Each structure stands twice: as structure tokens, then as C-alpha cells.
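Numbering (the numbering used here), first residue to last: 23 to 381.
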């Protein structure tokens, strides 16, 4: 199995300069190859097969960069084309913009050119860089992705090939309903229902974020003070993202550790974000990331993850008798079944109906 480990990097000034050049070169070669493909298709009606090596004579600075990083940029472009031809709704490959695209590049381990020794990691073209390795891992390093976030911090994500661990099967099944007031409402086959409160990471820090945004807006464009204010704002957003990520990992680990069959509702966040009153709350709650974590952790641990149909009426069906009572307005949190008289908590009832799909 392949597993990724992320660690903090502490490059010196020279290494930071190389990383910046490599980030830029990878973005440049991606854009250059994309532009040439577009022009060639317009002129000939055929797809151009180009490689980074073809550009090194015209752009000599590319010779100083990690060739594997440039090759991976080519692979990313080819993948973007394949995704577009497979599903047009994905959109045509877009040009990468410096201040909007993620600053990163990926390199591969060939002949042991990537290895960790004495608190440092050796990388192609740059040598040993200080790493904060907070956990050990076994296995063969396949590739590494070096990145820099908006706050100016450097990270490395190491992709490792490991033996698949043997996870003992669990007995329990669980249904999960997602919400905004409570992040997740679960019911297992033992009849236990639990509501996990929404951490509201952005909401709790919103005043501090707005204060930092106002401070940034007052700074002179291009000044050192503007850059300082931008870093302060970026660090606040980074803290919020880390808090959210920590909550999601802990909850997804708990659920996949304790249950063999997991049923979760399917939500289209992009459609729901069109409701401007709820867009900020939906963006803060990160349902899609939670579902992504459940998916890969279920695969690791040999669990069965069932995604209910997007149109499955989990909130409309009485979990006691099966009567379907029609749509419920969002403000209705409890309702009584007209067929059997059972009174339901809206979210717990939905989680029970989702659990029923596991049987």
C-alpha cells in the first residue's frame, strides 16, 4: 500500500532560493507546454507531444532544476488533459498563476537519491535539508512533494510503499448524517446515537481574521509592512485549517477503527454553496474532506464504506415504520410520524435510515 507522511522542512537561505526557483520553473514549464499544445492544435488539429527536455536549450535555467520535478509537471498536464477528455465538466486545463497556484513540486526517489539521515532529508539537486520528523515510518520512499504555504512555511509530503497491515474486522455498523449545527450525527447497530458538535473553526476565529484583513487592507501596496500583514493573516488561516484537519482526522479515525460497515449520505456541497446564507458555514464544515478521509481510511483498514444515493430521502422516512412523510423544511428539527405516532429527532432519524442501508 502507498501512504503519505507530511513533515515540516527548515531550509536555509540558499535552499529557500532553490525551492523558489524550482516552484517557478515547474509552473513555467507547465504553462509553456500547455500554450504550445493549444497553439499546435489550433494550427494542425492534432495533439502535440512535447517534453521538458525540448525547452532546455531555449530556456537554460531549466538545466539547473530537478529534471524529475519538470517531468512530473508534464505528467500533471497529461493527467489534466485525460481528466478533461473523460469528463468535460472538469474543465479544460488552466494556466497556473503564481499567487493563486500552490507553490510545490514533486520529485522521485531513484537509486536512493532521497533518504533521511540524522534529522535531515537528502533531496535531488539540493542535498540535505533539515526536517522535523515527528514520527518514524517503514517502507520504501517512492516520491516527495515539497511545498510552501501562504505563511511561508515549508513542508514535505513523503509517499511511502509499505506492507498492508492486517486489521481485525469489527462487528459494528454505523449510519452517519452530516449537518451544520452538529457536524455528524451517528447511529450504530447497537442503537447508540451520538451527535458530534460542529467545531466551527472559522466562526470562532472570525473576529481575529477580520481584524488581520483590515490591517492588511490599510498597508501600502508592495511595502514591507504589507508583506508582514499578509503573513499574519496567512498564519491565522493556517491555524484554522490545522484545527479543522485535526478534528476531521480524529473523528474519521474513531469511526473507521470502531465500525466494519459505514454508511454516509452523499451531499453536493457545490450546489449547496449557492445558498449565500449558508455558503460560509458549509465551506467551514468541510464535508467533502471528511468523506475523502473516510474513503481512504476504510480502504486501508478493510472496512466497507457505503455512500447513499444523493436523492435518498433519509430525513423523510420514519425509521420506525418506514412511512415516507415528504420533505421537511430545514427549521423542523423534530417531527411525528402520522402513520405510527413515533416522534423523531430529524438528524438521528436520518442516521437510523442510513444505517438500515447497511443491513
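Every residue, glycine too, gets a C-beta built ideally from N, C-alpha and C. These numbers come from a predicted model, not from an experiment.
Tell me where the beta strand (DSSP E) around residue 304 begins and ends.
For this step, residue 304 is matched to residue 282 along the chain shown. Here residue 304 belongs to no beta strand (DSSP E); instead the alpha helix (DSSP H) covers 301-307.
Going by the beta-carbon positions, is the gap between residue 99 and residue 56 smaller than 9 angstroms?
Along the chain shown, read from residue 1 onward, the residue named residue 99 stands at position 77. Along the chain shown, read from residue 1 onward, the residue named residue 56 stands at position 34. Contact: yes.
Hey, quick one: how far does the beta strand (DSSP E) through residue 366 stretch, first residue to last?
As a working note, residue 366 is residue 344 in the chain shown. It spans 365-367 - the beta strand (DSSP E) in which residue 366 sits, taken as one unbroken run.
Between which two residues does the alpha helix (DSSP H) containing residue 338 stretch?
As a position in the chain shown, residue 338 is number 316, starting the count at 1. That residue, residue 338, is in no alpha helix (DSSP H); it is neither H nor E in DSSP.
Span of the beta strand (DSSP E) holding residue 149?
Here residue 149 is taken as the residue at index 127 of the chain shown, counted from 1. Unbroken beta strand (DSSP E) run through residue 149: 149-154.
Given a threshold of 16 other Cβ atoms within 10 Å of its Cβ, counted over all protein chains shown, does residue 76 qualify as buried or as exposed?
Locating residue 76 in the chain shown gives position 54, where the first residue counts as 1. When all chains shown are included, residue 76 counts as exposed.
Count the other CB atoms within 10 Å of the CB of residue 107; is the residue buried (16 or more) or exposed (fewer)?
Start at 1 with the first residue of the chain shown, and residue 107 comes out as number 85. Exposed.
Name the one or two DSSP bridge partners that residue 166 has.
Your numbering for residue 166 matches position 144 in the chain shown. For residue 166, which the question treats as bridged, DSSP gives the partners 129 and 180.
Look up residue 219 in the DSSP assignment and give the residues it is bridged to.
Here residue 219 refers to the residue found at position 197 of the chain shown. DSSP, once it has assigned bridges, lists 204 as partnering residue 219.
Can you list, in chain order, the residues of its chain with a C-beta nearer than 7 angstroms to that of residue 125? Leave out the 5 residues immediately preceding and following it.
For the purposes of this step, residue 125 is taken as residue 103 along the chain shown, with counting starting at 1. Here the set comprises 45, 169 and 170.
Quick test of your reading: residue 91 and residue 48, contact by CB under 8 angstroms. State the CB separation rounded to the nearest angstrom.
Walking along the chain shown from the start, residue 91 turns up at place 69. Walking along the chain shown from the start, residue 48 turns up at place 26. That pair is a contact at about 5 angstroms.
Quick one: give me the first and last residue of the beta strand (DSSP E) that residue 286 is part of.
The residue labelled residue 286 in the question sits at position 264 within the chain shown. Segment 283-286, the beta strand (DSSP E) holding residue 286.
Is the beta carbon of residue 231 closer than 9 angstroms to that of residue 27?
Residue mapping note: residue 27 aligns to position 5 of the chain shown, counting from 1. Residue mapping note: residue 231 aligns to position 209 of the chain shown, counting from 1. No, Cβ-Cβ distance for residue 27 and residue 231 is not below 9 angstroms.
Using DSSP's beta-bridge definition, name the partner residues of residue 356.
Walking along the chain shown from the start, residue 356 turns up at place 334. In the DSSP output, where bridge partners are listed per residue, residue 356 has 367.
Near residue 356, which residues of its chain fall below 8 angstroms by C-beta distance, leaving aside the five closest residues on each side in sequence?
On the chain shown, position 334 is the one that residue 356 refers to. Excluding positions up to five away in sequence, the list reads 365, 366, 367 and 368.
With DSSP as the reference, please indicate the residues paired to residue 329 in a beta bridge.
Taking the chain shown and counting its residues from 1, one reaches residue 329 at position 307. Partner(s): 286.
Quick one: grab the DSSP three-state call for residue 7.
Nothing can be reported for residue 7: it is not among the residues displayed for the chain, which extend from 23 to 381.
Measure the C-alpha to C-alpha separation of residue 137 and residue 78 and round it to an integer number of angstroms.
Taking the first residue of the chain shown as 1, we reach residue 137 at position 115. Taking the first residue of the chain shown as 1, we reach residue 78 at position 56. Cα to Cα, the separation comes out at about 28 angstroms.
Does the beta carbon of residue 69 fall short of 8 angstroms from some heavy atom of the ligand GDP?
Absence of the ligand GDP from the depicted structure is noted, as is the absence of any ligand whatsoever, leaving it without description.
Check whether the Cβ atoms of residue 41 and residue 176 sit closer than 9 angstroms, and answer yes or no.
One-based indexing of the chain shown puts residue 41 at position 19. One-based indexing of the chain shown puts residue 176 at position 154. Yes.
Using a threshold of 9 angstroms, state whether the C-beta atoms of residue 31 and residue 196 are closer than that.
Working through the chain shown from its first residue, we reach residue 31 at position 9. Working through the chain shown from its first residue, we reach residue 196 at position 174. Not closer than 9 angstroms, so no.
I need the straight-line Cα distance from residue 288 to residue 335, nearest angstrom please.
Locating residue 288 in the chain shown gives position 266, counting from the first residue. Locating residue 335 in the chain shown gives position 313, counting from the first residue. Their backbone Cα atoms lie some 11 angstroms apart in a straight line.
Could you please give me the residues that DSSP links to residue 27 through a beta bridge?
The residue labelled residue 27 in the question sits at position 5 within the chain shown. Paired residues: 180.
Taking only three categories from DSSP, how would you classify residue 278?
Position 256 of the chain shown holds residue 278. If DSSP states are grouped into helix, strand and coil, residue 278 belongs with the helices.
Within the same chain, show all residues whose beta-carbon is closer than 8 angstroms to that of residue 204, passing over the 5 residues directly before and after it, in chain order.
As a working mapping, residue 204 is identified with position 182 in the chain shown. Correct list, in chain order: 217, 218, 219, 220 and 369.
Is it true that the CB of residue 380 sits closer than 9 angstroms to the CB of residue 328?
Stepping through the chain shown from its first residue, residue 328 is reached at position 306. Stepping through the chain shown from its first residue, residue 380 is reached at position 358. Yes, they are a contact pair.
Leaving out five residues on either side along the sequence, give the residues of the same chain with a beta carbon under 6 angstroms from the beta carbon of residue 326.
Counting from one through the chain shown, the residue named residue 326 turns up at place 304. So the qualifying residues of the chain are 283.
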